[in-house]
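In my numbering, the protein residues as written are 11 to 222.
Even glycine gets a Cβ: it sits at the ideal position worked out from N, Cα and C.
Okay, so here's the structure we're looking at.
Now the structure itself:
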């Protein structure tokens, strides 16, 4: 299985989940998606992550992003684990968790890394655009919980830069200044970005967030 890279088409699949059988592309529809994997059910860090994801669902909904999680355990185990997540994290898990016992989806997305573990999935994150192309890939070690504020920030950047000729600088937050695409001459940039263009260097031009 070739390693997936940015810009590749996200593999489609149909799988059993905690919410029944779902087709990934149908589930995403014409919106954005986040697919994130967990090594196994009843693991401590992942319990906090899934609880946090549930609490962030309304923020992802605002951005037209649907979440789907994955673990190599079965649906019955997922449903028992969800009870623990809801209890300990004071939330309600409100998105599907794939039951990937045959590791079909794990293999499609190259989530089994033998140097980390022969059988358990690494903790990956894939952000997928409406065109079903992979826009971001992150892989975390088992010891480090994911930062959902960062995932929201990345989605904001991806959605902004998908529709405007800008990039987002280091530590950018929604509403802050953005970088004008180097491909646009400054005179043209001043016509496009009517809020103003600040030329720090010929290759580094800033403009207010065009959506703010």
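Outcome for residue 179 when other beta-carbon atoms lying within 10 angstroms are tallied against a minimum of 16:
Residue burial annotation: residue 179 is exposed, with fewer than 16 other C-beta atoms found within 10 angstroms of its C-beta.
Please confirm whether any heavy atom of the ligand FAD lies closer than 7 Å to the CB of residue 113.
The ligand FAD is absent from the structure shown, which contains no ligands of any kind.
Nearest-angstrom Cα distance between residue 128 and residue 110?
Because the pLDDT at residue 128 is just 48, under 50, the model does not fix this residue reliably, and the point stays unresolved.
Alpha carbon to alpha carbon, how far is residue 113 from residue 90? Give it in angstroms, no decimals.
Spanning the two alpha carbons is a distance of roughly 20 Å.
Starting from residue 43, follow its DSSP beta bridges and name the residues at the other end.
76 and 138
DSSP on residue 128, reduced to helix/strand/coil?
The predicted position of residue 128 is uncertain, since its pLDDT is 48 and thus under 50; a value taken from the coordinates is nonetheless stated next. Here residue 128 sits in coil by DSSP.
Please report the distance separating the alpha-carbon of residue 37 from that of residue 45.
12 Å
Please work out which residues of its chain come closer than 6 Å, Cβ to Cβ, to residue 34, disregarding the five sequence neighbours upstream and downstream, and give them in chain order.
Correct list, in chain order: 22 and 23.
So what does residue 214 bridge to, in DSSP terms?
211
What residue does the beta strand (DSSP E) around residue 10 start on, and which one ends it?
Any question about residue 10 goes unanswered here, given that the chain covers just 11 to 222.
Quick one: is residue 52 buried, meaning 16 or more other Cβ sit within 10 Å of its Cβ, or exposed?
exposed
What's the call for residue 81, buried or exposed, on a 16-neighbour Cβ count within 10 Å?
buried
If you draw a straight line from the alpha carbon of residue 101 to that of residue 57, how long is it in whole angstroms?
11 Å
Using a Cβ-Cβ distance cut-off of 8 Å, determine whether residue 61 contacts chain D.
Absent here is chain D; the protein component of the structure consists of one chain.
Pair within 8 Å by beta-carbon distance, residue 165 and residue 75:
yes
Looking at C-beta atoms only, is the number of pairs between the segment 58-68 and the segment 150-163 that lie closer than 8 Å three or more?
yes
Just grab the DSSP bridge partners of residue 30 for me.
27 and 28
Flag this pair as yes or no: are the beta carbons of residue 187 and residue 146 separated by less than 8 Å?
No, they are not a contact pair.
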